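So the mapping is simple: this note's numbering equals the position in the sequence shown, first residue as 1, plus 117.
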Amino acid sequence: MNSAGARELHTEDYDYDHAYDYGYDFDYDYEERIEQSPEFAVLRELKIKRNNAKVKANLVIKVSIIIILGLIIAFRYASITELGYKVNAMQNQLDEIKAENSRLETNIARQMNLAEISEIAINELGMQKPQSYQIVRINVVPTDQTEIHEMKFTKDENNTPWYKNVLDEIKAFLGIC
118 MNSAGARELH
128 TEDYDYDHAY
138 DYGYDFDYDY
148 EERIEQSPEF
158 AVLRELKIKR
168 NNAKVKANLV
178 IKVSIIIILG
188 LIIAFRYASI
198 TELGYKVNAM
208 QNQLDEIKAE
218 NSRLETNIAR
228 QMNLAEISEI
238 AINELGMQKP
248 QSYQIVRINV
258 VPTDQTEIHE
268 MKFTKDENNT
278 PWYKNVLDEI
288 KAFLGIC
């Protein structure tokens, strides 16, 4: 030993021929002996319990998610069904209102004739028939109501392109000819 108290490295007992031979001095029964030891059995039981707890927790979470999704879907279907009932009720109400409207229009058309309208106008509204001096007659000459606008052609007689006409007008404006 040296003065610092450290161990000395003894290399005379080491076999350098089998340095990379991993099968050399391998105890094949070591893992089996460890697995059969009571300490390993306790560790194995703890590991199994821990894994079982994780599996149970994951199972509870997944089942909860499935139940929540099922409830959401059931709620949506209930909402859709309720809206369907409301739409159906409103459609029935609309049909009733249309039938009532049609019936009222028929009654109005049946009850109104010119004599009744004249009577209502005179008696209820206080209207009077016009006097002869209040009537103005207008002679309307029948005319053709169709108007034809003159068509104007934009093509020049000398067939010059439009951009040349524009350039010529600009030159004329600027006084460059």
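In this text, a Cβ means the ideal position worked out from N, Cα and C, and glycines have one as well. These numbers come from a predicted model, not from an experiment.
Cβ shell of residue i (< 8 Å), same chain only, five flanking positions each side left out
i: Gly-243; result: none
i: Ile-252; result: none
Unbroken alpha helix (DSSP H) run spanning residue i, endpoints
i: Leu-221; result: 155-228
i: Tyr-280; result: 279-291
i: Leu-231; result: 231-240
Residues of its chain near residue i, where Cβ-Cβ distance is below 7 Å and the 5 sequence neighbours each way are ignored
i: Gly-292; result: none
Residue-chain proximity (residue i, chain D), Cβ-Cβ < 8 Å
i: Leu-291; result: No chain D appears in the structure shown, which is made up of a single protein chain.
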